[in-house]
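Single-structure report; data block below.
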Amino acid sequence: MQELLPRYNVRKEAYPFICLVVCCLILTTAWTYELVDFGYSRIRAESCIPNMRSKLKFLDILLPYYPFIAEAFEIPFHVISGITYSLFINYYAFTCRKIQLILRSLCTQLSKSSSLQDFRKCFAMNLEILKYLKNFDEHLAFPAFLAVLLTMINLFRSGYQLAFPPVVSTRYTFFSSATAIFYLTFQLLIMISAAVTNEAASKSTSVILDKKCSTRSERAILEKRLKESNLTLWKIYVLDRSIIISSIGTLLTYGILLGTFGKVDP
2 MQELLPRYNV RKEAYPFICL VVCCLILTTA WTYELVDFGY SRIRAESCIP
52 NMRSKLKFLD ILLPYYPFIA EAFEIPFHVI SGITYSLFIN YYAFTCRKIQ
102 LILRSLCTQL SKSSSLQDFR KCFAMNLEIL KYLKNFDEHL AFPAFLAVLL
152 TMINLFRSGY QLAFPPVVST RYTFFSSATA IFYLTFQLLI MISAAVTNEA
202 ASKSTSVILD KKCSTRSERA ILEKRLKESN LTLWKIYVLD RSIIISSIGT
252 LLTYGILLGT FGKVDP
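Quick note: the sequence shown uses the working numbering, first residue 2, plus one each step.
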């Protein structure tokens, strides 16, 4: 498959993903600084101290240090999870982009092929790509599902914090907006990458089937392999363009419901 992939295109396509990883690291660093500076972890921990004091009297000596202990554990968790999360999504999207380039090159070769030998070579190559897509989905379908789920949860949380801010501050609004853009970008990145890859695989297979140079059994194998090779979210939902609108619509629906409940007088 690598022979179908132009090296120049790989380098050129890698630059945006490298820039995105750098931006994610910068945003994670700034976000960590804001957590420490605003003291969100300490404030939440301090609100739990009265209940802990009544239930855990033998820990009275440690209770004054509890906010700092909670912050010491929470901040590394946010940093490690943010970096891991961003690296996984960039890896997933970049791999999808490489597959798209290979499939595009394969379609170009198919359009230029005139001999049966060239067609057989492209046919075997397409089967190999679909096999790779199937293995890729088997190993990363569940992590992709978790990534999309966490993205939607954090995007909803950021939108809620913008609508009902606990602290009225321009600085807080700015970082909440940056966080929302951060998660929205990742959600669109993973969904669009997988959807376009599925479309590219379907297009290359359609080009081969339209050639009518293959036998009936080969066509059946190719169609079956295509159905098994779609990128999915934990084998539940095949990633296509419609899921982008559906996910954003779901977030808006729950946001409107939650906002409406918040305005209802008790």
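A virtual CB, placed ideally from N, CA and C, is assigned to each residue, including glycine. Remember, predicted model here, so these are calculated numbers, not experimental data.
Can the beta-carbon of Thr206 be found closer than 7 Å to that of Cys97?
What you label residue 206 is simply residue 205 of the sequence shown in a count that begins at 1. What you label residue 97 is simply residue 96 of the sequence shown in a count that begins at 1. No.
Hey, could you find the ends of the alpha helix (DSSP H) Arg226 is sitting in?
Within the sequence shown, numbered from 1, the residue matching residue 226 stands at position 225. Looking at the DSSP string, the run of the alpha helix (DSSP H) that includes Arg226 is Arg217 to Glu229.
Assigned exposure category for Phe165 - 16 Cβ within 10 Å defines buried
Taking the first residue of the sequence shown as 1, we reach residue 165 at position 164. By the neighbour-count rule (16 or more Cβ atoms within 10 Å), Phe165 is not buried but exposed.
Between Cys25 and Gln118, what straight-line distance do the alpha-carbon atoms span, to the nearest angstrom?
Counted from its first residue, the sequence shown places residue 25 at position 24. Counted from its first residue, the sequence shown places residue 118 at position 117. Those two C-alpha atoms are separated by around 47 Å.
Helix, strand or coil for Leu28? Go by DSSP, reduced to three states.
In the sequence shown, residue 28 corresponds to position 27, counting from 1. Leu28 falls in the helix class under three-state DSSP.
Taking DSSP as the reference, what is the three-state secondary structure of Val80?
Numbered from its first residue, the sequence shown carries residue 80 at position 79. Helix, per DSSP.
Could you give the first and the last residue of the continuous alpha helix (DSSP H) run that contains Leu197?
Along the sequence shown, read from residue 1 onward, the residue named residue 197 stands at position 196. One detail in the question is off: residue 197 reads as Val in this sequence, not Leu. Counting along the chain, the alpha helix (DSSP H) containing Val197 begins and ends at Thr171 to Lys212.
What three-state label does DSSP hand Leu63 in the structure shown?
Translated into positions along the sequence shown, residue 63 becomes position 62. Note: Leu63 maps to coil in three-state DSSP.
Touching or not, the stretch 148-161 and the stretch 80-93, by the rule of three or more beta carbon pairs under 8 Å?
yes
Thr29 versus Cys123 - alpha carbon distance
For the purposes of this step, residue 29 is taken as residue 28 along the sequence shown, with counting starting at 1. For the purposes of this step, residue 123 is taken as residue 122 along the sequence shown, with counting starting at 1. Cα to Cα, the separation comes out at about 44 Å.
By how many angstroms is the C-alpha of Gln188 removed from the C-alpha of Thr85?
Taking the sequence shown and counting its residues from 1, one reaches residue 85 at position 84. Taking the sequence shown and counting its residues from 1, one reaches residue 188 at position 187. About 15 Å.
Return the residue from the list Pro167, Trp32 and Ala196 that minimises the CA-CA distance to Ala94.
If you number the sequence shown from 1, residue 94 lands on position 93. Ranking Pro167, Trp32 and Ala196 by Cα distance to Ala94 puts Ala196 first.
With 16 other CB atoms within 10 Å as the buried threshold, where does Ile257 fall?
Reading the sequence shown from its first residue, position 256 is the one you call residue 257. With fewer than 16 Cβ atoms within 10 Å of its Cβ, Ile257 is classed as exposed.
Give me the DSSP bridge partner(s) of Tyr238.
Your numbering for residue 238 matches position 237 in the sequence shown. Paired residue(s): Leu234.
Report the rounded CA-to-CA distance for Lys228 versus His140, giving the unit in angstroms.
The residue given as residue 228 occupies position 227 in the sequence shown. The residue given as residue 140 occupies position 139 in the sequence shown. In a straight line, the C-alpha of Lys228 is about 17 Å away from that of His140.
Assess contact between the stretch 96-110 and the stretch 72-79, defined as three or more Cβ pairs (one per stretch) separated by less than 8 Å. Is contact present?
no
Check for me: the alpha helix (DSSP H) holding Phe165 runs from which residue to which?
For this step, residue 165 is matched to residue 164 along the sequence shown. First-last for Phe165: undefined, no H or E at that position.
For Gly160, which of helix, strand or coil comes out of DSSP?
Numbered from its first residue, the sequence shown carries residue 160 at position 159. Of the three classes helix, strand and coil, the one that applies to Gly160 here is helix, per DSSP.
Please state if the CB of Ile209 and the CB of Asn155 are separated by a distance shorter than 7 Å.
By 1-based counting over the sequence shown, the position of residue 155 is 154. By 1-based counting over the sequence shown, the position of residue 209 is 208. No. Outside cutoff.
Among the residues of its own chain, which have a CB less than 7 Å from the CB of Tyr238, if the five just before and after it don't count?
Reading the sequence shown from its first residue, position 237 is the one you call residue 238. Cβ within range, chain order: Ile244.
What does the alpha-carbon distance come out to for the pair Thr251 and Leu104?
In the sequence shown, residue 251 corresponds to position 250, counting from 1. In the sequence shown, residue 104 corresponds to position 103, counting from 1. Thr251 and Leu104: Cα-Cα distance of roughly 33 Å.
Could you tell me the alpha carbon to alpha carbon distance between Ile44 and Leu64, rounded to whole angstroms?
Stepping through the sequence shown from its first residue, residue 44 is reached at position 43. Stepping through the sequence shown from its first residue, residue 64 is reached at position 63. Taking the straight line joining both Cα atoms gives about 14 Å.
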